[in-house]
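Every position in the sequence shown, counted from 1, becomes a number in my numbering once 13 is added.
Reviewing the structure listed below.
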Amino acid sequence: MASHDADVIVIGSGPAGSTASALLAEYGHQVLMIDRDTHPRFHIGESLLPMGTPVLDRLGIKLDASEYLLKNGAEFIDEVTGQRRRFPLAGQHQPHQVERAKFDQMLAENAVARGAQLRQGDAVRAVSIDAEGVAVDTDGARFRARYLIDASGRSAFMGRMRQGISRIDNLGRFSLYTHYRNA
């Protein structure tokens, strides 16, 4: 039987990867997060949703209201018809707007504090799967684990490796974002 460097290897240390790593480590699993970037790093996608608040509570993450704006709603516009749809977000779990660089780093540090290992600045190049688990080759080393979680986000590492990504024809995707200072 091959020796393992971890029970679980997690590709990516953004919100999904760090959350999975924190919870698995809390339950006593050896977790290795591998991320091609280093924290803090810029990333868009600053809007949290109400259902994320209980997850943050479970992780022991408290967002200081003086640092994070409350998110009161969202609006979607159909690019063909111009129809607008507004969704107010008020209720028991009030979501926030976060600065992803700080937020992602906070989540990754939380996972490490719970026992996960974090390897930053080391890109995953290949994954092989066999009866004993997985082998993950990075720029710097090879790691073995029983299980793998692909939390690489839109990079979709395993989906691309397994050629499981297909585009949806005529899917209009457009997003705007901006940041304000001293507003």
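Note that the Cβ used here is the ideal one computed from N, Cα and C, for glycine as well.
Which residues does DSSP pair with residue 83 in a beta bridge?
Working through the sequence shown from its first residue, we reach residue 83 at position 70. DSSP output for residue 83 lists 109 as bridge partner(s).
What's the C-alpha gap between residue 30 and residue 90?
Residue 30 sits at position 17 when you count from the first residue of the sequence shown. Residue 90 sits at position 77 when you count from the first residue of the sequence shown. Taking the straight line from one Cα to the other gives about 30 Å.
Could you check if residue 195 is buried or exposed, using at least 16 other CB atoms within 10 Å of its CB as the buried criterion?
Reading the sequence shown from its first residue, position 182 is the one you call residue 195. Counting Cβ neighbours within 10 Å, residue 195 comes out exposed, since fewer than 16 surround it.
Nearest-angstrom Cα distance between residue 54 and residue 147?
As a working mapping, residue 54 is identified with position 41 in the sequence shown. As a working mapping, residue 147 is identified with position 134 in the sequence shown. Going from the Cα of residue 54 to the Cα of residue 147 covers about 28 Å.
Fully enclosed by the stretch 100–158, which alpha helix (DSSP H) runs are 4 residues long or longer?
Counting only runs of 4 or more, we get 113–126.
What distance in whole Å lies between the Cβ atoms of residue 162 and residue 33, which are believed to be in contact at a cut-off of 8 Å?
Counting from 1 along the sequence shown, the entry for residue 33 is found at position 20. Counting from 1 along the sequence shown, the entry for residue 162 is found at position 149. Right, the Cβ-Cβ distance comes to about 5 Å (below 8 Å), so this counts as a contact.
Is it right to say residue 117 is buried, meaning 16 or more other beta carbons lie within 10 angstroms of its own, or is it exposed?
To locate residue 117, count along the sequence shown from 1; it is residue 104. Answer is buried; the Cβ neighbour count reaches 16.
Can you grab the Cα-Cα spacing for the pair residue 151 / residue 121, in whole Å?
Here residue 151 refers to the residue found at position 138 of the sequence shown. Here residue 121 refers to the residue found at position 108 of the sequence shown. Answer to the nearest angstrom: the Cα atoms are 19 Å apart.
So, does the stretch 99–114 touch the stretch 128–140, judging by three or more C-beta pairs under 8 Å?
No, the stretch 99–114 does not touch the stretch 128–140.
Starting from the C-beta of residue 133, find all residues in its chain whose C-beta is less than 6 Å away, skip the five residues before and the five after it, and write them out in chain order.
Taking the first residue of the sequence shown as 1, we reach residue 133 at position 120. Excluding positions up to five away in sequence, the list reads 48, 51.
Which first and last residues belong to the beta strand (DSSP E) in which residue 45 is found?
Translated into the one-based positions of the sequence shown, residue 45 becomes position 32. Unbroken beta strand (DSSP E) run through residue 45: 44–48.
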